[in-house]
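Going by this note's numbering, the letters in the sequence shown line up with residues 34 to 336, in that order.
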Amino acid sequence: MRYTAACLIFMAACAALAQTPTPVPAFEVATIKPVSTDYLNTAIQAGQMPHTGVTIDKTRIDMGYQTLAQLIVRAYEVAPFQIAGPDYLKTERFDILAKLPSGATEDQVPQMLQALLAERFELTVHKETKELPIYALVIGKNGLKSMKPATAEEQTPEPQEGDRINNTPIGKMIMRQTKNGGVAFMPGIGVMNVSSGPNGEHIEMSNLTMSRLAQLLMSGSDRLIVDKTGLKGSYQVAFDEPMNSPGPQPAGGGEGSSAGSASSPALNPMFQAVEAIGLKLESQKGPVEMLIVDHIEKTPTEN
């Protein structure tokens with residue numbers, strides 16, 4: 034009997050240890066400074082160039098002139114159109130400077146940002162799947178053009194001095210300046226060469242998957258884009274992108290989108306470029322996972 038009781042106590046202790054939650058990674062220290070909506074224009078008129086965007090290095094993360102919507106996009110790794118919440122998510126802006134704890138990796142930054150938003154802005158969210166309008170990426174009626182199977186799988190190279198690293202929701206992009214324009218490396222697109230031409234930019238991608246193309250297009254869209262081409266593997270793709278196009282930027286890097294003519298496949302220059310390679314976007318309905326903001330304070334707690 035004593036042996037059985039001891040075993041039960043030991044098993045109960047093991048179960049308690051197994052259920053102990055893993056600590057959520059958090060920034061070692063973070064300062065949050067609200068900035069006004071006219072802050073950027075005022076600074077530029079004064080001859081200053083304030084930091085905008087997100088910069089991450091080994092010890093800290095610097096987020097400049099970010100809306101609450103942009104912070105949530107980065108924290109939860111979703112596209113702007115997947116967020117539903119109050120209107121001020123797109124208007125309230127902040128500068129955030131945070132120190133990463135020793136041993137932390139860039140992959141943990143979204144979790145740390147979630148913890149920061151919960152602690153300082155009292156953010157609570159839940160996920161919900163809704164049937165909403167989407168775009169389906171399909172093969173055009175005249176078949177593929179300027180596309181051929183990739184010859185070999187390419188590996189993303191190590192960054193070189195002078196490269197710019199962009200940590201996007203779909204992976205790390207290495208951007209390198211060239212004489213004629215620029216080149217970027219990213220898993221799922223291989224090498225992306227961008228060169229300037231008389232009517233816009235010429236873009237070549239050496240190892241592009243269709244799922245990656247759908248994700249790249251979403252930065253210029255107000256809805257989910259789903260690959261329904263049925264094309265497997267990777268492709269070499271070349272097309273000319275007209276001037277004033279939104280460009281092949283990673284999904285989730287924008288500021289929140291709303292419906293409008295710029296997102297229409299008939300009017301968006303980037304979508305027109307996709308049609309030039311024999312693909313098109315069809316308006317359909319489908320399930321979209323939404324991030325619903327249940328509560329968030331407009332003003333963070335003090336530093």
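Glycine residues also receive a C-beta, built at the ideal position from the N, C-alpha and C atoms.
Inset, instruction - Whole angstroms is fine: what's the gap from residue 170's alpha carbon to residue 248's? - result: Position 137 of the sequence shown holds residue 170. Position 215 of the sequence shown holds residue 248. Answer to the nearest angstrom: the Cα atoms are 11 Å apart.
Legend entry - Straight-line gap, residue 259 to residue 78 (C-alpha atoms, nearest Å): The residue you call residue 259 lines up with position 226 of the sequence shown. The residue you call residue 78 lines up with position 45 of the sequence shown. So the two alpha carbons sit approximately 42 Å from each other.
Legend entry - Distance CB(residue 167)-CB(residue 256) smaller than 9 Å: Locating residue 167 in the sequence shown gives position 134, where the first residue counts as 1. Locating residue 256 in the sequence shown gives position 223, where the first residue counts as 1. Result yes, Cβ atoms of residue 167 and residue 256 sit closer than 9 Å.
Legend entry - Inter-stretch contact (C-beta, 8 Å, three-pair minimum) for the stretch 231-241 and the stretch 140-160: No, the stretch 231-241 does not touch the stretch 140-160.
Inset, instruction - Could you tell me which uninterrupted alpha helix (DSSP H) segments, each at least 4 residues in length, are contained entirely in the stretch 169-255, listed from first to last along the chain? - result: The stretch 169-255 contains these whole alpha helix (DSSP H) runs: 243-250.
Legend entry - Buried versus exposed, by CB contacts within 10 Å (16 or more), residue 223: Along the sequence shown, read from residue 1 onward, the residue named residue 223 stands at position 190. Classification of residue 223: buried, given that the 10 Å Cβ count is 16 or more.
Inset, instruction - Could you pull out every residue in the same chain whose Cβ sits closer than 8 Å to the Cβ of residue 282, ignoring the five residues on either side in sequence? - result: Along the sequence shown, read from residue 1 onward, the residue named residue 282 stands at position 249. Confidence at residue 282 is low in this model, with a pLDDT of 41, below 50, so the placement of that residue is unreliable and no value is reported for it.
Legend entry - Continuous beta strand (DSSP E) stretch holding residue 380: start and end: A query on residue 380 cannot be resolved here, the shown segment of the chain reaching from 34 to 336 and no further.
Legend entry - Limits of the unbroken alpha helix (DSSP H) element including residue 81: Walking along the sequence shown from the start, residue 81 turns up at place 48. In the DSSP assignment, residue 81 falls outside any alpha helix (DSSP H), carrying neither H nor E.
Legend entry - Which residues DSSP lists as bridging residue 95, in chain order: Translated into the one-based positions of the sequence shown, residue 95 becomes position 62. Bridge partners of residue 95: 88 and 130.
Legend entry - Environment of residue 268 [buried if 16+ CB atoms lie within 10 Å]: The sequence position of residue 268 within the sequence shown is 235, counting from 1. Under this definition residue 268 is a buried residue.
Inset, instruction - State the start and end residues of the unbroken beta strand (DSSP E) segment that holds residue 65. - result: Locating residue 65 in the sequence shown gives position 32, counting from the first residue. Its beta strand (DSSP E) spans residues 62-68.
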